[in-house]
């Protein structure tokens, strides 16, 4: 999440990062986001009901890169350092 926050800041004019928490305790999740200084939008899906049904996610973390035309340009499973030059280049390539 910290590297996604840095990516969000680095590409603020070109990319919007949105997170989804699946924690049951939303107060605890909100406190963690504040403590870690995560500033991008985060939505709640306790128990993964929506992410399983609509996004077919069965394990976390999973990242979607969504193009401006709303198509899924890339789907990346597993953790990644999103603020490296290679990751930033991959995101920008995926977005065209």
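In my numbering, the protein residues as written are 132 to 227.
Glycine included, C-beta positions come from ideal geometry on N, C-alpha and C.
- Comparing alpha-carbon positions, the option among 217, 159, 224, 212 lying closest to residue 135 turns out to be 212.
- With contacts defined as CB atoms closer than 8 Å, residue 203 and residue 172 fail to qualify as a contacting pair.
- DSSP places residue 182 in no beta strand (DSSP E) but in the uninterrupted alpha helix (DSSP H) bounded by 180-186.
- Within a 10 Å sphere around the beta-carbon of residue 152 sit 16 or more other beta-carbons, which makes this residue buried.
- The alpha-carbon separation between residue 189 and residue 210 amounts to approximately 14 Å.
- In terms of Cβ geometry, residue 162 and residue 132 do not form a close pair [threshold 8 Å].
- In this structure, residue 141 and residue 197 do not form a Cβ contact; the two beta carbons are roughly 18 Å apart against a cut-off of 8 Å.
- Under the DSSP assignment, residue 146 falls outside any beta strand (DSSP E); it carries neither an H nor an E label.
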